[in-house]
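Residues 1 to 236 (the numbering used here) make up the sequence shown, in order.
Each residue gets a CB set at the ideal place from its N, CA and C atoms; glycine is no exception.
Here the structure is laid out as structure tokens; the discussion comes afterwards.
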Amino acid sequence: MFDVAGGVVCVLAVVATMEALRLSTARRRVLWEIGAMGAGVIVAQALGGSESAVLSVIVALAIAGCAAAVCGRFGLDLKPRLTHFQGAIAAAALASTLFGPSDAPFFAVLGAGVALAGVAALARLGRITPNESLHFACAGACAVIGYAAGHEQGVLAVVIVIAMAALIASHLTMALAGTAWPALVSAMNGTAACSVVAAGVVTGSGALLVTGVAAAIGCAASHASATESRGPYLSK
Numbered sequence: 001m002f003d004v005a006g007g008v009v010c011v012l013a014v015v016a017t018m019e020a021l022r023l024s025t026a027r028r029r030v031l032w033e034i035g036a037m038g039a040g041v042i043v044a045q046a047l048g049g050s051e052s053a054v055l056s057v058i059v060a061l062a063i064a065g066c067a068a069a070v071c072g073r074f075g076l077d078l079k080p081r082l083t084h085f086q087g088a089i090a091a092a093a094l095a096s097t098l099f100g101p102s103d104a105p106f107f108a109v110l111g112a113g114v115a116l117a118g119v120a121a122l123a124r125l126g127r128i129t130p131n132e133s134l135h136f137a138c139a140g141a142c143a144v145i146g147y148a149a150g151h152e153q154g155v156l157a158v159v160i161v162i163a164m165a166a167l168i169a170s171h172l173t174m175a176l177a178g179t180a181w182p183a184l185v186s187a188m189n190g191t192a193a194c195s196v197v198a199a200g201v202v203t204g205s206g207a208l209l210v211t212g213v214a215a216a217i218g219c220a221a222s223h224a225s226a227t228e229s230r231g232p233y234l235s236k
């Protein structure tokens, strides 16, 4: 995985998760359990991997921690509303695995800094709400990623294809039904987030692992919010 892309998606996943947690006050125990399981996967991957894998996990955790601290300090997770793009973040993380080998961890930090600057700019501009056209475009992009992965061999290709199928269903649901099926959308996005964790285990990428765990927690929070409110998907 390109470490630049790894840093970017890691930051975006953390911001989206913090937004989702602000919207959901119920089922905290479930969210903590998901986080604990994710932490266990990350620790197991770090202990069982090579020195480079351990360094990758440490850098990814540092990026995630810094992103959470900056967002909490300056309230950057209040307006951009990246919860609408949870599936797109997972798709970008998986697509980056098709591009080639990773760079030095320095580039992951650089990518994270650029992503934080972008989130800060979005926070000044206000919330962003995708329309039907954008969801159709995202569904098409996921189809292209799935098609590219289908020409590869191995477990990673299967994981990506499954995730893209889930994300296509998610984006088409949002494009055609709007906010009518929030629980289904969050469940499909959660499937993609779990696929990111699986891809991180297969590739030994700490950025993918941390991104996937953060995305899974965010999707669980979105699902809890949709279930408890029975209202429009993140409409407030």
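Exercise. Is DSSP giving R73 helix, strand or coil here?
Worked result: R73 falls in the helix class under three-state DSSP.
Exercise. Can you list, in chain order, the residues of its chain whose CB lies under 7 Å from that of A239, leaving out five sequence neighbours each side?
Worked result: There is no way to answer for residue 239, as the model of the chain reaches only from 1 to 236.
For this session: State the DSSP-derived secondary structure class of L125, mapped to helix, strand or coil.
Result: Per DSSP, reduced to three states, the secondary structure at L125 is helical.
Problem set entry | Cβ-based burial, R73 [other Cβ within 10 Å; buried from 16] | The residue is exposed, with fewer than 16 neighbouring Cβ atoms inside 10 Å.
Exercise. Buried or exposed: Q153, going by 16 or more other Cβ atoms within 10 Å of its Cβ?
Worked result: Classified as exposed, Q153 has fewer than 16 neighbouring CB atoms from the shown chains inside 10 Å of its CB.
Exercise. Taking just the CA atoms, how far does Q86 sit from G218?
Worked result: For G218 and Q86, the distance between alpha carbons rounds to 8 Å.
Exercise. Any contact of the stretch 136-149 with the stretch 36-51, i.e. 3+ C-beta pairs under 8 Å?
Worked result: Counting Cβ pairs under 8 Å, fewer than three are found: no touch.
For this session: If I'm right that G48 touches L208 with Cβ under 8 Å, what's the distance once you round it to whole angstroms?
Result: Not a contact, Cβ separation roughly 16 Å.
Problem set entry | Of the residues D3, H151 and A62, the one placed nearest V239, counting alpha carbons only | For the chain, the structure presents residues 1 to 236; residue 239 sits outside this window and is missing.
Exercise. Taking the alpha carbon of M164 as the point to measure from, which residue in G178, A148, L176 and M174 has its own alpha carbon closest?
Worked result: Nearest Cα to M164 within the set G178, A148, L176 and M174: A148.
For this session: Kindly indicate which three-state DSSP category G140 falls into: helix, strand or coil?
Result: If DSSP states are grouped into helix, strand and coil, G140 belongs with the helices.
For this session: Counting only the same chain and skipping the five closest in sequence on each side, list residues whose C-beta sits under 7 Å from that of I34.
Result: A216, I217 and A220.
Exercise. Which two residues bound the contiguous alpha helix (DSSP H) that contains H171?
Worked result: Run containing H171: V155 to A177, per the alpha helix (DSSP H) assignment.
Exercise. Roughly how many angstroms separate the alpha carbons of M18 and Q45, rounded to a whole number?
Worked result: Looking at the two C-alpha atoms, the distance is approximately 24 Å.
For this session: Determine the DSSP secondary structure at L78, reduced to helix, strand or coil.
Result: L78 carries a coil assignment under DSSP once its states are collapsed to helix, strand and coil.
Problem set entry | Same chain only: Cβ atoms within 6 Å of P130, ignoring 5 sequence neighbours per side | The residues are H84.
Problem set entry | Alpha-carbon to alpha-carbon, E51 and L176 | Each residue's alpha carbon lies about 47 Å from the other.
Exercise. What does a CB cutoff of less than 8 Å around I89 pick up in its chain, not counting 5 residues either side in sequence?
Worked result: Beyond the five residues adjoining it in sequence on each side, I89 comes within less than 8 Å, by CB distance, of V9, L12, A13, A16, L82, T211 and A215 in the same chain, given in chain order.
Problem set entry | Straight-line gap, A157 to L116 (C-alpha atoms, nearest Å) | Spanning the two alpha carbons is a distance of roughly 30 Å.
For this session: Give the straight-line distance between the Cα atoms of L110 and H135, rounded to the nearest whole angstrom.
Result: Whole-angstrom Cα-Cα distance: 29 Å.
Problem set entry | Range of the contiguous alpha helix (DSSP H) that encloses G190 | For G190, the enclosing alpha helix (DSSP H) has its first and last residue at P182 to T203.
Exercise. What is the C-beta distance between G204 and A53, in whole angstroms, given that I count them as a contact (C-beta under 8 Å)?
Worked result: By a beta-carbon distance limit of 8 Å, G204 contacts A53. Their separation comes to about 5 Å.
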